[in-house]
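Below: the structure, in structure tokens.
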Amino acid sequence: MEKKNGLLTAALLATVLFMGGCSSEDSEMGTPAQSGSPISFSVADVQSRTRTVYEDRLQINWVENDEIGICSPSDNVLPSVEGEPKTATYKVTTLNADDHPHHAKIEASVQGTYLKWGNDLNAPAVFYGAYPAERIVTYPDENNAVFSMEYYTNQECKVSSSENGVYLTKPDMKNAYMMAKNELTPIGDHVLMAFDPIMTTPDITITAGSYEVGTGIIQPVTVTGVSIIMPKKLNSTDLNYKITGLTNGTFTTPRGELQDIADGQESVFIQIDNDGKKYVDLYEGESINLMAFLPPIPQLTGAKIQVHTLGTTFVIKVEEELKAQSRITIKLPNISAETIKPNDWISKLNAETPLKTMSIPAYVCQEKTENELKNIVDLFNKGVRAFDAEVFASNEGIVPIKKVIHSKFVGKIDSLLLDEKNQDEFVIVWVKNTLHAGGIECPNGWIDFPDKITNAKGKIILLETYSNEFYSVNSKIGEKALFSFSEKTADFKLTNSDWTALLNKEAVENQSIYNTIVSSKLQTGCTGIVTIPNAGIAFDDTYGDLLLQAIIDCNFKFKH
Numbered sequence: 001m002e003k004k005n006g007l008l009t010a011a012l013l014a015t016v017l018f019m020g021g022c023s024s025e026d027s028e029m030g031t032p033a034q035s036g037s038p039i040s041f042s043v044a045d046v047q048s049r050t051r052t053v054y055e056d057r058l059q060i061n062w063v064e065n066d067e068i069g070i071c072s073p074s075d076n077v078l079p080s081v082e083g084e085p086k087t088a089t090y091k092v093t094t095l096n097a098d099d100h101p102h103h104a105k106i107e108a109s110v111q112g113t114y115l116k117w118g119n120d121l122n123a124p125a126v127f128y129g130a131y132p133a134e135r136i137v138t139y140p141d142e143n144n145a146v147f148s149m150e151y152y153t154n155q156e157c158k159v160s161s162s163e164n165g166v167y168l169t170k171p172d173m174k175n176a177y178m179m180a181k182n183e184l185t186p187i188g189d190h191v192l193m194a195f196d197p198i199m200t201t202p203d204i205t206i207t208a209g210s211y212e213v214g215t216g217i218i219q220p221v222t223v224t225g226v227s228i229i230m231p232k233k234l235n236s237t238d239l240n241y242k243i244t245g246l247t248n249g250t251f252t253t254p255r256g257e258l259q260d261i262a263d264g265q266e267s268v269f270i271q272i273d274n275d276g277k278k279y280v281d282l283y284e285g286e287s288i289n290l291m292a293f294l295p296p297i298p299q300l301t302g303a304k305i306q307v308h309t310l311g312t313t314f315v316i317k318v319e320e321e322l323k324a325q326s327r328i329t330i331k332l333p334n335i336s337a338e339t340i341k342p343n344d345w346i347s348k349l350n351a352e353t354p355l356k357t358m359s360i361p362a363y364v365c366q367e368k369t370e371n372e373l374k375n376i377v378d379l380f381n382k383g384v385r386a387f388d389a390e391v392f393a394s395n396e397g398i399v400p401i402k403k404v405i406h407s408k409f410v411g412k413i414d415s416l417l418l419d420e421k422n423q424d425e426f427v428i429v430w431v432k433n434t435l436h437a438g439g440i441e442c443p444n445g446w447i448d449f450p451d452k453i454t455n456a457k458g459k460i461i462l463l464e465t466y467s468n469e470f471y472s473v474n475s476k477i478g479e480k481a482l483f484s485f486s487e488k489t490a491d492f493k494l495t496n497s498d499w500t501a502l503l504n505k506e507a508v509e510n511q512s513i514y515n516t517i518v519s520s521k522l523q524t525g526c527t528g529i530v531t532i533p534n535a536g537i538a539f540d541d542t543y544g545d546l547l548l549q550a551i552i553d554c555n556f557k558f559k560h
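Under the UniProt record's numbering, the first residue of the sequence shown carries the number 1, and numbering increases by one thereafter.
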């Protein structure tokens with residue numbers, strides 16, 4: 001599918017898709033149906049059918065190689081290969097076939113795999129279709145008219161134009177799911193499949209305010225994406241949609257309903273592709289438009305939209321119900337060094353999120369100085385939530401010798417969470433276990449590793465490492481190694497389980513890790529703890545600031 005002129009449109013044109021050549025004379029029924037002959041499917045409408053209520057400039061059109069999955073549970077429809085499922089994938093091969101603006105040719109995507117008529121041509125047959133075919137997990141059957149589709153929470157919009165500071169983007173239309181159902185007696189060989197759009201599609205425009213980082217020093221706001229945080233979620237990683245009626249005729253209300261909705265929070269993240277860069281820099285008055293495709297959850301109220309930017313975060317609550325089409329405008333506030341808010345990203349996550357599914361940016365403290373303590377505060381405000389405090393630890397006592405974390409470090413970390421606006425955050429601190437008989441002295445109020453965010457809010461978590469070697473980065477770190485699929489895990493001393501961590505020692509490696517994260521199309525996973533040299537340096541050539549935000553963004557784009 002193709003979205004025209006930057007925003008989603010709402011018109012499914014009178015597009016006719018045929019397996020073979022067609023003309024205006026045979027477009028209604030084609031030739032008479034014959035037992036054993038391939039069924040020719042068409043996607044058509046003889047009058048304007050709007051998919052949404054957006055303006056005319058927001059059109060969706062079929063494009064070549066679009067693929068549709070079609071099935072039939074009816075006895076008089078058969079697979080081309082005996083014993084195979086009664087499903088087939090068809091793709092658009094030629095647009096404007098026969099010089100007709102509403103005709104296009106389609107053919108079976110896999111040669112020799114198609115649906116054909118059975119022997120009883122007097123009995124009605126039911127057909128179901130879904131777009132895109134590649135996302136179909138299971139098809140409807142004779143007992144259940146439900147398509148199960150892979151659902152993507154990690155979505156992306158590509159910048160299509162950027163004239164005068166106005167960034168228009170195109171979403172991935174494979175997230176724009178459509179469903180169809182028809183029932184008919186085969187008097188001709190053509191079967192009409194008219195598709196209903198089913199997704200909730202908020203169209204979001206973000207306009208930047210001024211960003212003064214110092215007296216007279218103006219910088220752009222670097223936007224890495226937006227997340228839509230929904231107060232309801234799917235009960236599984238798939239989207240299950242039940243078609244409840246025929247989809248022919250004028251589309252006024254949905255002819256289906258979402259299944260398996262659960263209480264709880266879920267977010268969908270929209271990443272930006274700006275000619276290869278995964279962010280845009282917006283100066284005051286400049287804007288970017290992004291579109292998300294959400295599950296069609298009915299009566300979806302109380303959603304929040306979070307604008308992800310380097311060093312801080314902006315959240316608005318959507319007061320009205322998110323409908324099939326919602327247009328939302330966000331004006332970012334003017335920011336100064338005095339008014340910038342901390343990046344309190346953990347507070348935006350579902351409190352039931354397991355810590356071991358999180359992606360957490362970390363910093364290895366470099367020196368035992370007052371300047372480093374000030375640096376820790378700055379890093380915390382920018383989103384760092386874990387610190388290697390080995391440099392602040394020392395051995396005390398005679399027998400038994402124990403390891404103690406310096407009181408100034410403890411006091412500084414404690415003060416971060418005493419601030420009321422940070423009380424839904426947490427901090428992880430770790431030092432090496434040197435196997436002293438006295439162990440590591442746990443500061444007052446610090447806790448062991450908990451299971452979920454709700455048990456970590458407002459807490460400092462103390463961890464021990466009993467090896468210098470986590471799994472280390474190299475210039476070719478792979479996606480599987482980064483997103484918690486590596487057999488090598490960090491040697492944290494945790495009850496019954498290890499937790500993945502990546503000890504990145506060199507700033508020169510930041511870009512490699514960053515590129516792996518932002519280029520990933522995974523829908524599940526996490527990075528665990530990742531240490532970031534130069535994390536606090538803005539507009540840094542070593543990508544420290546971008547890597548910090550990319551790790552935070554993982555918590556909103558991946559299913560937990």
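Ideal Cβ placement from N, Cα and C applies to all residues, glycine included.
Residue i Cβ short of 7 Å to the ligand SAH heavy atom set
i	result
L294	No copy of the ligand SAH occurs in the structure displayed, which carries no ligand at all.
Beta-carbon proximity list for residue i, same chain, < 8 Å, skipping 5 on both sides
i	result
L522	N154, E479, F483 and F558
D424	D344, I346, S347, K457 and G458
S394	K403, V404 and H406
CB contact flag (residue i, residue j, <8 Å)
i	j	result
I330	I229	no
K170	K158	yes
E370	V431	no
T313	D344	yes
I261	N289	no
C442	L462	yes
A550	I517	yes
residue 564	L332	Any property of residue 564 remains undetermined from this structure, which presents the chain solely from 1 to 560.
V464	N433	According to the sequence as given, residue 464 is Glu; it is not Val. Yes, the pair counts as a contact, with Cβ atoms nearer than the cut-off.
T247	F293	no
V223	Y279	yes
Test: residue i CB closer than 8 Å to a CB of chain C
i	result
G439	No chain C appears in the structure shown, which is made up of a single protein chain.
Counted within 10 angstroms of its Cβ, other Cβ atoms place residue i as buried (16 or more) or exposed
i	result
Q306	buried
F556	buried
G285	exposed
G411	exposed
T542	buried
Y466	exposed
Q34	exposed
N504	buried
G256	buried
E506	exposed
P132	buried
residue 561	In the structure as shown, the chain begins at 1 and stops at 560. Residue 561 is therefore absent and cannot be evaluated.
K382	buried
P295	buried
A123	exposed
I401	exposed
Backbone CA spacing between residue i and residue j [nearest angstrom]
i	j	result
S109	F449	51 Å
I335	P73	59 Å
L548	I428	16 Å
R57	S161	With a pLDDT of 44 at R57, under the threshold of 50, the modelled position of that residue is not reliable, and no figure is offered here.
G245	D273	38 Å
I328	F387	38 Å
Y128	M149	14 Å
P354	S519	25 Å
I453	V364	23 Å
I532	N164	35 Å
E319	A180	32 Å
L310	E156	18 Å
T524	V384	22 Å
Y211	I340	9 Å
F380	V92	52 Å
P202	K408	48 Å
D172	Y514	22 Å
I136	I68	10 Å
Other residues of its chain near residue i: CB distance less than 6 Å, five sequence neighbours each side excluded
i	result
I537	G544
Q47	Note that Q47 has pLDDT 35, beneath the 50 cutoff, so the model's placement of it is unreliable and the number below is only indicative. Closer than 6 Å at Cβ, skipping near neighbours: no residue.
E28	Unreliable positioning characterises E28 in this predicted model, as indicated by a pLDDT of 43, which lies under 50. A coordinate reading is not provided.
Residues of its chain near residue i, where Cβ-Cβ distance is below 7 Å and the 5 sequence neighbours each way are ignored
i	result
H36	The question names His, but residue 36 in the sequence shown is Gly. Taken in chain order, the residues that qualify are K116 and W117.
V146	P140, N240, Y241, K242 and Q259
L300	T200, M230, K232, E321 and L322
ask   = Quick one: complete beta strand (DSSP E) runs, 3+ long, within the region 289-372?
value = 304-309, 312-317, 325-331 and 359-364
inquiry  = Please give the ranges of any alpha helix (DSSP H) in the region 108-134, keeping only runs that are unbroken, at least 4 residues long and fully inside the region.
reply    = none
task = Please specify which runs of the beta strand (DSSP E), each continuous and at least 3 residues long, are wholly inside the region 399-423, giving them in chain order.
result = 402-405
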